[in-house]
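Listed in order, the protein sequences are those of chains A and B.
This note's numbering applies: residue 444 is where the first sequence begins, and numbers increase by one.
This note's numbering applies: residue 211 is where the second sequence begins, and numbers increase by one.
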Amino acid sequence: MLTGGVYAMVGIGLSLIFGVMRIVNFAHGEFMAVGMYLAFVLFRSAGLDPYVSLLCVAPAGLLLGAAVERLLLAPIQNAAEHAPILMTVGVGLILSNVLLLVFGAHPETIYTSYSTRTVRIFSITLSLPLLVSFALTVLVVAALYLVLTRTDFGRAIRASAQNRDAAELQGVDTRFVRTAVFGIGTGLSMAAGVLLLPALYVFPTIGGIFTLKAFVVTVLGGMGSVVGAIWGGLLLGVVESVAASFGATGSRDAFGLVAFLLVLLVRPAGLFGRSRV
Amino acid sequence: MYKTRRGGRGTLGAIAAVLAAGAAYPLILPRSLNFGISVVLFAALATAWDLIGGWAGQLSLGHAAFIGLGAYVSTLLWTKAGLGFAAGLPLAIAAGVLLALAWGFITFRLRGAYFSLSSIAVAEVLRILANNWSSLTGGPEGVSFNDLPPLFGLDLFDRRVEYYAALLLLAAALLIAFRIGGSRAGFYLEAVREDQDSSMALGVDPLRMKLIAFSLSAALTTAGGCLYAVYLSFFEPHGVFSLDLSVQLVLMSIVGGMGTVLGPLLGALVLLAFQEAFRNVFQQSSLLIYGVLIVLIVRYAPDGLSGRLQLLLRRIPWPLRSPSAR
Chain A
444 MLTGGVYAMV
454 GIGLSLIFGV
464 MRIVNFAHGE
474 FMAVGMYLAF
484 VLFRSAGLDP
494 YVSLLCVAPA
504 GLLLGAAVER
514 LLLAPIQNAA
524 EHAPILMTVG
534 VGLILSNVLL
544 LVFGAHPETI
554 YTSYSTRTVR
564 IFSITLSLPL
574 LVSFALTVLV
584 VAALYLVLTR
594 TDFGRAIRAS
604 AQNRDAAELQ
614 GVDTRFVRTA
624 VFGIGTGLSM
634 AAGVLLLPAL
644 YVFPTIGGIF
654 TLKAFVVTVL
664 GGMGSVVGAI
674 WGGLLLGVVE
684 SVAASFGATG
694 SRDAFGLVAF
704 LLVLLVRPAG
714 LFGRSRV
Chain B
211 MYKTRRGGRG
221 TLGAIAAVLA
231 AGAAYPLILP
241 RSLNFGISVV
251 LFAALATAWD
261 LIGGWAGQLS
271 LGHAAFIGLG
281 AYVSTLLWTK
291 AGLGFAAGLP
301 LAIAAGVLLA
311 LAWGFITFRL
321 RGAYFSLSSI
331 AVAEVLRILA
341 NNWSSLTGGP
351 EGVSFNDLPP
361 LFGLDLFDRR
371 VEYYAALLLL
381 AAALLIAFRI
391 GGSRAGFYLE
401 AVREDQDSSM
411 ALGVDPLRMK
421 LIAFSLSAAL
431 TTAGGCLYAV
441 YLSFFEPHGV
451 FSLDLSVQLV
461 LMSIVGGMGT
471 VLGPLLGALV
481 LLAFQEAFRN
491 VFQQSSLLIY
501 GVLIVLIVRY
511 APDGLSGRLQ
521 LLLRRIPWPL
531 RSPSAR
């Protein structure tokens, strides 16, 4: 359930990018893995606590995402429909294999004083790092929601998502908006990676697993819907922990994927979304 | 947008020449038969992928699902039920086509990236299934077998037999691609790919066309999976259902040129030669090179190598021009 909060954060980034750019980012989980390793390196070399390194990893994600969009995705935006998919698949392969070259295939983990600490609330035992991650996710999502609904920049983003040409006619610099949105999505994904670091092992191919989870989350919640991604993330967290408590740990990941295929069959617009297919 | 190079006699001649060269290969270079098998087999698989990925424009990132399915169905029928390949191959192909129909029926009604998303999920579900259903599949250790009943009196572990079986599959894949390219179905598929709404207005049923292309692609890929299993004589869920394998097929096709008859073959040859030459340099991160190649090709040569070649050929004075380049 708490992991669901972080899933939601990964999913929101993907959903935001899809909503504005109509691009499914197949490198989303790989960006998350980069975030995890960045925080890992900062912890090992500078002794920086992951929750502190969040402050520099998230902006780094913003810049990395913006650079990828400007250099690789913007030039092909008028190409065939499959071009952005291939491009992000390629970027994901590069990222995960660079991580493999630099860090090797063995799983790494960090030991903080609170890694295994638990908190008891109403006789339910909760893992402390996951609880903190959940709280931070709620904060970030609330901030994002305020930006999207209350600021001019947020309005520009939502306008570009609804109708790009009309937004352009109203004086919105959609080129800038697209770059910014890809940056924000990447930043969210890398921040989620940092939040998961105290609770998980990190290995170079972890990104692929989370790309899939992010897809599941966004499809459950409805592609392009930020609020839907939150519910989708929580739902996936619940489904996985219920499956695990029935002793099906090995096939835990399969449950989410089967749920994903079922949703495609029954309600392609997502459980909570309006049809935008 | 890429143009489709549909062939007339020129392409048919090129297919014949390729197959003849392929048939002569074991006589000329009997020592590097393993390399030959992988090129021919992957060329067949990439051509099969291109039927749905290139011609129909439905980017599958989960074709390993069919390779794994073929590998598991055909070998488990032998190790568990004692059925040889004469029965196992058709049964595996039937299973592959059924999977394609069910999966296509769910996802082809949706547009955009949904099919690509689902393709990763399907391969992953099958991988997890094969990994955990140990009593049937042997779990993560995979399946290994060192005896197979001869097929039509031929020993399946003879590398030459495997080579010619792969060549047969390649011939089937190329001829199907050629046949589709020149037929009404090919135009329908392209119409669906370029503009689904307009094609529907003209009376094309997109779901039906995509399902046809997908079943053909699945049948060929599943058959290729059976051969792949025999060639390896050992496989594990993580290998045959992996995203890497799926991406490899996609890459061969886009390197050579999507939606062309001979492009995927060219891509398979170039990539595998490249991989063979640099095997000792890159080792475990050969996928890094794949990633870089994908990015470069999508950015600078969206039509693939055959597209570049066509451009070059067009600059050559007309008597030298190959008839297929028009």
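From the three backbone atoms N, C-alpha and C, an ideal C-beta is built for every residue, glycine too.
Fair warning: this is a prediction, and the values are worked out from it, not measured in the lab.
Annotated as distal: G267(B) and L336(B), with beta-carbon spacing of 9 Å or more. Given a length threshold of 4 residues, each whole run of the alpha helix (DSSP H) inside the stretch 218-252 of chain B is given here in chain order: 219-238.
Chain B places no beta carbon closer than 9 Å to that of A476(A), leaving this residue out of the contacts. Using a C-beta cut-off of 8 Å, the stretch 485-492 of chain A makes no contact with the stretch 651-668 of chain A, since fewer than three inter-stretch Cβ pairs fall below that distance.
Interface flag for I262(B) against chain A is unset, since no Cβ pair is found closer than 9 Å. Residue contact with chain A for V414(B): absent (no Cβ-Cβ distance below 9 Å to any residue of chain A). The count of Cβ pairs closer than 8 Å, one atom from the stretch 248-259 of chain B and one from the stretch 456-469 of chain B, reaches three, so the stretches are in contact. F488(B) carries a coil assignment under DSSP once its states are collapsed to helix, strand and coil.
With respect to L507(A), S496(A) sits apart: the two C-beta atoms are not nearer than 9 Å. Distance between L243(B) and V249(B), taken at the CA atoms: about 10 Å.
Three or more pairs of CB atoms, one per stretch, sit closer than 8 Å, so the stretch 623-636 of chain A contacts the stretch 452-471 of chain A. Not flagged as an interface residue toward chain A: V480(B), since no C-beta distance is shorter than 9 Å. Rounded to whole angstroms, the gap between the alpha carbons of G477(B) and F484(B) is 10 Å. If the five residues before and after L229(B) are omitted, its C-beta is found closer than 6 Å to the C-beta atoms of A381, all from its own chain and listed in chain order. Chain A has no Cβ within less than 9 Å of the Cβ of I277(B). L515(A) is not a Cβ neighbour of V502(B), given a cutoff of 9 Å. Ranking S408(B), L426(B) and V414(B) by CA distance to the CA of A383(B) puts L426(B) first. Between V584(A) and M464(A), the C-beta spacing is not below 9 Å.
Between L679(A) and chain B, the shortest Cβ-Cβ separation is not below 9 Å. Between the alpha carbons of P416(B) and A305(B) lies a distance of about 23 Å. Judged by beta-carbon spacing, P647(A) lies within the 9 Å limit of A548(A), meaning their Cβ atoms are closer than that value. DSSP lists F445(B) as the bridge partner or partners of V353(B).
The way I'd put it, the stretch 442-450 of chain B doesn't touch the stretch 307-321 of chain B; fewer than three beta-carbon pairs between them come closer than 8 Å. In terms of beta-carbon proximity, V645(A) stays away from the interface with chain B, with every pair separated by 9 Å or more. Put simply, of G223(B), G391(B), L269(B) and L385(B) the residue whose alpha carbon is nearest the alpha carbon of F469(A) is L269(B).
Pairing D368(B) with V353(B), the inter-Cα distance amounts to about 20 Å. Taking all protein chains shown into account, S328(B) has 16 or more neighbouring C-beta atoms within 10 Å of its C-beta and is therefore buried.
Cβ-Cβ separation between V467(A) and L271(B): approximately 11 Å, too far for a contact (criterion under 8 Å). Within chain A, the C-beta atoms nearer than 7 Å to that of T317(B) come from L707, in chain order.
For S408(B), not one C-beta of chain A is nearer than 9 Å to its own C-beta. With a threshold of 9 Å between beta carbons, N606(A) makes no contact with chain B.
Here V645(A) is bridged, per DSSP, to E551(A).
Burial of R403(B) is indicated by the presence of at least 16 other C-beta atoms within 10 angstroms of its C-beta. A Cβ-Cβ separation of about 19 Å leaves A375(B) out of contact with Y282(B) under the 8 Å criterion. Those residues of the stretch 529-548 of chain A placed with their C-beta closer than 7 Å to a C-beta in chain B are L529, M530, V532, G533, V534, L536, I537, N540, V541, L543 and L544, ordered along the chain.
In the displayed model, S326(B) falls within a helix according to three-state DSSP.
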